[in-house]
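Here the working numbering is used: the first residue of the sequence shown is 131, the next is one more, and so on. Cβ coordinates follow ideal geometry from the N, Cα and C atoms, glycine included. Single-structure report; data block below.
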Amino acid sequence: MAGDTAAVMDFTLDRVPVAEETQRLETQLVYTASVAAKQVSRVLQFAAKRLPKLEGIEHVKRVKQISADTEGRRRDSELLQVVLCQCNKITRAQLDATVE
């Protein structure tokens, strides 16, 4: 179809956008940690037991591969970025105290 409207016989078809197309994106700040691949399971277990649960962003992937540094060079060791918790649920000082 050319454009969002097409004339068909005696009526016009209009495209109605779905909710996902009209919703504003909302971002949330989260605390993350860069950890070795072998430590991911332990970090996720720690986060599940000791840190506030993710609320409203359960769909977010908690683990992301970090493949290159800021200049685009390959890292020597494979690190993964792990989402720990949302910044609005705990202060940095509380997070530091929990981790220690």
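Cutoff 6 angstroms; reference residue i; Cβ partners in own chain excluding five residues on either side
{"i": "Val-213", "result": "Val-160, Thr-162 and Arg-192"}
Between the CA atoms of residue j and residue i - distance to the nearest angstrom
{"i": "Cys-215", "j": "Val-148", "result": "30 angstroms"}
{"i": "Glu-151", "j": "Lys-183", "result": "28 angstroms"}
{"i": "Asp-140", "j": "Leu-155", "result": "38 angstroms"}
Sequence-distant residues of the same chain with beta carbon closer than 8 angstroms to residue i, five excluded per side
{"i": "Leu-210", "result": "Ser-164, Val-165, Ala-166, Ala-167, Val-170, Val-193, Lys-194, Gln-195 and Ile-196"}
Minimum C-alpha distance to residue i - residue among the options
{"i": "Gln-158", "options": "Glu-208, Val-190 and Thr-228", "result": "Val-190"}
Endpoints, the beta strand (DSSP E) within which residue i is located
{"i": "Leu-143", "result": "141 to 144"}
Residue interval of the alpha helix (DSSP H) (run including residue i)
{"i": "Thr-152", "result": "149 to 152"}
{"i": "Thr-221", "result": "Per DSSP, Thr-221 belongs to no alpha helix (DSSP H) and is neither H nor E."}
{"i": "Val-165", "result": "Segment 160 to 166 is the beta strand (DSSP E) holding Val-165; no alpha helix (DSSP H) there."}
Cβ-heavy atom distance, residue i to the ligand PLP, below 8 angstroms
{"i": "Gln-175", "result": "In the structure shown, the ligand PLP is absent, as is every other ligand, since no ligand is present at all."}
Sequence-distant residues of its chain with Cβ nearer than 7 angstroms to residue i (five each side left out)
{"i": "Val-173", "result": "Ala-163, Val-165 and Val-212"}
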